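Undergrad:
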Amino acid sequence: MRKDFSQRYSGSLRWLHWLGFAAVALAYLFISLTGLFGKNDPMQTTMLQAHFAAGLAVLILVVPRIFIRLFTTVPPISPQPSRLTHRAAGITHFLLYAFLLVQPLLGLSFMQLSGKAIHLPGGWEIPVFLAVKHPQWAHILEEIHVTLGTIFFWVIGLHIAAAMWHHWRIRDNTLQRML
Ligand code: HEM
Ligand code: HEM
Numbered sequence: 016m017r018k019d020f021s022q023r024y025s026g027s028l029r030w031l032h033w034l035g036f037a038a039v040a041l042a043y044l045f046i047s048l049t050g051l052f053g054k055n056d057p058m059q060t061t062m063l064q065a066h067f068a069a070g071l072a073v074l075i076l077v078v079p080r081i082f083i084r085l086f087t088t089v090p091p092i093s094p095q096p097s098r099l100t101h102r103a104a105g106i107t108h109f110l111l112y113a114f115l116l117v118q119p120l121l122g123l124s125f126m127q128l129s130g131k132a133i134h135l136p137g138g139w140e141i142p143v144f145l146a147v148k149h150p151q152w153a154h155i156l157e158e159i160h161v162t163l164g165t166i167f168f169w170v171i172g173l174h175i176a177a178a179m180w181h182h183w184r185i186r187d188n189t190l191q192r193m194l
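So, in structure tokens, the structure goes:
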């Protein structure tokens, strides 16, 4: 069967969506794996560095994505969902974009404020640019980073469940538009 390409998100938005998904999933995976190793275990450092790398990839991917999204049209869903569903999806997508932008920026900010360079896999490093440390602010931003990370784990779960619901229950073209 021929696919109607006009009913899909643009190729760049689809790529950025799925690469973004992979980067976020890896960020969660690596930070969870740090818990498996003891404080002095080099594997813990490796997992943390991998978390930084995946988190920075999220930031790099979301910036062009937001620009492309602002200047392209969203393909319609058919059959058309109710206004309430449309509204709920719009709010969730806005929150997901905000999270993709803010969460890595929080990570970068609290590392800078605590005067810690960000060591990445392969010996790469983002040095400390700030001349002064602000440990209290660093602590607050770190707490927000951890809390948002927990909240959005569930928001992302809800987003995936909604995509599945549209595909398997309602049987509309919501998911096909992103494939
Ligand atoms: C979208 C990207 C990111 C996601 C989804 C994410 C998610 C998380 C989560 C869920 C935790 C809490 C783990 C726990 O203790 O339960 C965490 C911790 C942490 N994240 Fe991220 N993170 C991201 C990006 C970054 C970036 C870019 C950096 C730094 C460059 C960073 C640095 C850290 C650090 C240092 C911790 C440990 C904080 C602590 O245990 O108090 N994260 N992250
Ligand atoms: C880290 C995980 C994910 C994040 C952060 C995320 C984020 C987003 C965002 C921000 C949008 C709005 C796109 C736009 O209108 O510009 C979107 C759309 C979409 N996502 Fe995800 N997504 C994730 C994972 C997934 C997964 C695993 C699936 C499928 C199982 C999925 C299916 C969809 C679908 C079908 C749409 C189109 C929804 C619509 O236009 O109404 N997403 N996603």
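So the numbering used here is basically just the index in the sequence shown, starting at one, shifted up by 15.
Glycine included, C-beta positions come from ideal geometry on N, C-alpha and C.
All values derive from a computational prediction rather than experimental measurement.
May I ask which residues mark the beginning and end of the alpha helix (DSSP H) holding residue 118?
TA: Run containing residue 118: 98-128, per the alpha helix (DSSP H) assignment.
Undergrad: CB residue 39 to CB residue 65, shorter than 9 Å?
TA: No, Cβ-Cβ distance for residue 39 and residue 65 is not below 9 Å.
Undergrad: What's the gap between the Cα of residue 106 and the Cα of residue 55?
TA: Approximately 43 Å, taken between the alpha carbons.
Undergrad: Consult DSSP for residue 75 and reduce its assignment to one of helix, strand or coil.
TA: Residue 75 falls in the helix class under three-state DSSP.
Undergrad: Say yes only if the C-beta of residue 132 is nearer than 8 Å to one or more non-hydrogen atoms of ligand 3, and no if none qualify.
TA: By its list of ligands, the structure shown excludes ligand 3, since it contains just ligand 1 and ligand 2.
Undergrad: Tell me the DSSP secondary structure of residue 92 in three-state form.
TA: In this structure, residue 92 counts as coil in the three-state DSSP scheme.
Undergrad: Would you mind listing the alpha helix (DSSP H) stretches within the stretch 132-191 that are 4+ residues and don't spill past its ends, in chain order?
TA: Segments of the alpha helix (DSSP H) lying fully in the stretch 132-191: 150-179.
Undergrad: Is the closest heavy atom of ligand 1 to the C-beta of residue 61 under 8 Å?
TA: No, since every heavy atom of ligand 1 falls outside the 8 Å radius drawn around the Cβ of residue 61.
Undergrad: Buried or exposed, going by whether 16 or more other CB atoms sit within 10 Å of the CB of residue 168?
TA: Exposed, by the Cβ-count rule.
Undergrad: Evaluate residue 122 with the Cβ neighbour count: other Cβ atoms within 10 Å of its Cβ, from every protein chain shown; 16 or more gives buried, anything less gives exposed.
TA: Per the 10 Å Cβ criterion, buried.
Undergrad: When you compare only the Cα positions, how much space is there between residue 13 and residue 99?
TA: Outside the shown range of the chain, which is 16 to 194, sits residue 13, and nothing can be said about it.
Undergrad: Indicate whether the contact test is met: 3 or more Cβ pairs, each with one atom in the stretch 112-127 and one in the stretch 151-169, closer than 8 Å.
TA: Contact holds: three or more Cβ-Cβ distances are below 8 Å.
Undergrad: Can you tell me whether residue 70 sits near ligand 1, meaning its C-beta is under 8 Å from at least one heavy atom of the ligand?
TA: Yes, the beta carbon of residue 70 sits closer than 8 Å to at least one heavy atom of ligand 1.
Undergrad: By the three-class DSSP mapping on this structure, what secondary structure does residue 61 have?
TA: Looking at residue 61 - three-state DSSP - the assignment turns out to be helix.
Undergrad: Ligand 2 and residue 39: does the residue's C-beta get closer than 8 Å to at least one heavy atom of that ligand?
TA: Because some heavy atom of ligand 2 lies under 8 Å away, the Cβ of residue 39 counts as near it: yes.
Undergrad: Please work out which residues of its chain come closer than 7 Å, Cβ to Cβ, to residue 63, disregarding the five sequence neighbours upstream and downstream, and give them in chain order.
TA: Answer for residue 63: 49, listed in chain order.
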